[in-house]
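Everything below concerns the one structure shown next.
Residue numbers (the working numbering): 2 to 590.
Now the structure itself:
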């Protein structure tokens, strides 16, 4: 909030940065039946020195825009070495995002990296906050010693790219895993770049790959393998989302089933039901194409019976990032599986990170519908449920889960809300919730809640059958927007992790441009429900990022609309927009 930003200089795993962005945005791409491909050129160093939060922020912005403006086709992320390391070990890296979307006219290209003014409503409507996000990305890239640009043709798509000047960490190239070296794989994917990406990854592990774009050729290639001296160890098939329909799946699997050669599907979906459908049809395992290399390698090792598979098994199944999991002696709680439900990705990120850090396995759901579906598929020890979600609210999701579990063990459901009123808490517990936490939630509160509910057995502990009083919080310091106070608040909320606090703030800054456009449009249209929903999103995110002035402005608008005070909406929206602009337009240093 101080108007200053300092870049970190720490070791960065470039592949991990890209994989995290792909995992985050793949669901939106697959929902539109798009291919999302990432290509790492072989000479790109694995580790550099830089700021991983800012690199992810820029890449998220570019990929998010590509998904937004592409209706058919694909999005390809390329990571390349533009200039080899100089005598000081400084290299220039180039990251590009190519889409087959609507493209941009020369006039639009010229103004895209120029900050929009508040009065520039036509551009804001057209780009939905995209221009503001690109302005922020441009500043970040320039701070990293690079440049950002684009090549585009209206109607044919765009390539957005950025470069970084950064120190390279020299390290010996890793040896391929011995259990995969020399194994023969047949690979089929109709999309040439998706096929190339998988081929490169398998070859990096020492596997020998033969590939084709045509499913009709795959059966013949498999027969040739079986007739020859070289065995085929694995068949990998890339599937578009339309290929997951039952009438397409069954003939495909029947044509490929041969002896003991396992079949693996890599599909353009993250939907568990669709992946399960592929496995039910005869694939030994089905993974999303967005699966990380670690997850892909682990699945292949298990299919081939490689001994090393067990060594990497821990930590691949859940949403927990590797650096958020406790080391051997640091586990605070026994290994339990919990579900974190929130439509706000910042809230979800923090909740997941804190839960993972104390030793829990966490699944995530970003809607009430998804929460109900996951609760039907898997038994959870505890569910943390946000209340205000579009489509199906937290209360409705909890009711659906309760209806489905009649006659079975009751899963504790804890509401997570910004509303601390006693009557709200009492109502939630009457309606089927077991407990209620008030945002922002601390790690200590989460640990106490898990111990109280997930470790207390199937019966409700009698002392918690009524709502607990909200935790008393220390008053804010007088200079609430001083840099040290804001920073300390953010780190405290993030469980003492400066890196997590920085990542949450970067996500907030990435989301604000589009949320600003939504506020303007909703106010102009008199859509108070949409206005309230957007204010709720900003309120929750700002609370977790320690940005108090933005949080209070969003809370005031949300509360007024909840009370039906529509006449207050224009003034309160303008106040909120002023706080958004204060953050977006702050000078970088």
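Just so you know, even glycine gets a beta-carbon here, dropped at the ideal spot from N, CA and C.
Small disclaimer: the values here were computed from a predicted structure and weren't measured.
With burial defined as no fewer than 16 other Cβ atoms inside 10 Å of the residue's Cβ, what is the status of residue i: buried or exposed?
i	result
residue 18	buried
residue 456	exposed
residue 586	exposed
residue 2	Residue placement at residue 2 is poorly supported in this model, since its pLDDT is 38, which falls under 50; the coordinates are not used for a value here.
residue 228	exposed
residue 108	exposed
residue 217	exposed
residue 214	exposed
residue 251	exposed
residue 231	exposed
residue 547	buried
residue 382	buried
residue 354	buried
residue 527	exposed
residue 223	buried
Taking residue i and residue j to be in contact with their CB atoms under 8 Å, please state how far apart those CB atoms are, rounded to whole angstroms.
i	j	result
residue 155	residue 102	About 10 Å separates the two Cβ atoms, so there is no contact after all.
residue 239	residue 290	7 Å
residue 41	residue 16	6 Å
residue 573	residue 520	In fact, because the Cβ distance is near 10 Å, the residues do not count as touching under 8 Å.
residue 181	residue 301	7 Å
residue 39	residue 11	Rounded, the Cβ-Cβ distance is 23 Å, inconsistent with contact.
residue 386	residue 415	7 Å
residue 600	residue 542	The chain is shown only over 2 to 590; residue 600 falls outside these bounds and no answer can be derived.
residue 278	residue 304	Going by Cβ atoms, the distance from residue 278 to residue 304 rounds to 19 Å, so no, they are not a contact pair.
residue 71	residue 105	With a Cβ gap of about 13 Å, residue 71 and residue 105 do not count as contacting.
residue 418	residue 440	7 Å
residue 337	residue 448	Not confirmed; about 12 Å, so no contact.
residue 568	residue 496	In fact, because the Cβ distance is near 41 Å, the residues do not count as touching under 8 Å.
residue 64	residue 22	6 Å
residue 285	residue 264	6 Å
Starting from the C-beta of residue i, find all residues in its chain whose C-beta is less than 7 Å away, skip the five residues before and the five after it, and write them out in chain order.
i	result
residue 85	92
residue 20	293
residue 29	68
residue 164	83, 93, 94, 95, 147 and 148
residue 31	242, 269, 270 and 271
residue 111	none
residue 150	162
residue 435	413, 414, 415, 454 and 461
residue 370	392 and 393
residue 341	349, 352, 353, 356, 363, 365 and 385
Per DSSP, what are the beta-bridge partners of residue i in this structure?
i	result
residue 168	91
residue 154	158
residue 99	77 and 160
residue 386	342 and 416
residue 437	416
residue 362	338
residue 84	93
residue 149	163
For residue i, which residues from the same chain have a beta carbon less than 6 Å from its beta carbon, with the 5 sequence-adjacent residues on both sides left out?
i	result
residue 81	42 and 95
residue 74	101
residue 580	550, 551 and 554
residue 276	287
residue 374	none
residue 343	349 and 387
residue 389	537
residue 44	82
residue 54	503, 504 and 507
residue 9	52
residue 280	287
Near residue i, what residues of its chain come up, given a Cβ to Cβ distance below 8 Å and the 5 sequence neighbours on each side ignored?
i	result
residue 27	37, 271, 289, 290 and 291
residue 570	524, 529, 532, 558, 561 and 562
residue 178	206, 207, 298, 302, 307 and 309
residue 479	Because the pLDDT at residue 479 is just 40, under 50, the model does not fix this residue reliably, and the point stays unresolved.
residue 405	373, 376 and 377
residue 255	283
residue 510	58, 137, 584 and 585
residue 186	203, 208, 209, 210, 211, 233, 234, 235, 236 and 237
residue 247	278 and 282
residue 273	374, 375 and 378
residue 380	338, 410 and 412
residue 142	59, 148, 149, 163, 164 and 165
Contained beta strand (DSSP E) runs [length at least 3] in the region 223 to 292, N- to C-terminal order: 235 to 240, 264 to 268 and 286 to 289
Any alpha helix (DSSP H) of 4 or more consecutive residues that is wholly inside the region 175 to 216: 193 to 205
Unbroken stretches of the alpha helix (DSSP H), 4 residues or longer, contained in the region 11 to 59: 15 to 32
Alpha helix (DSSP H) segments (min. 4 residues) lying fully within the region 531 to 564: 549 to 563
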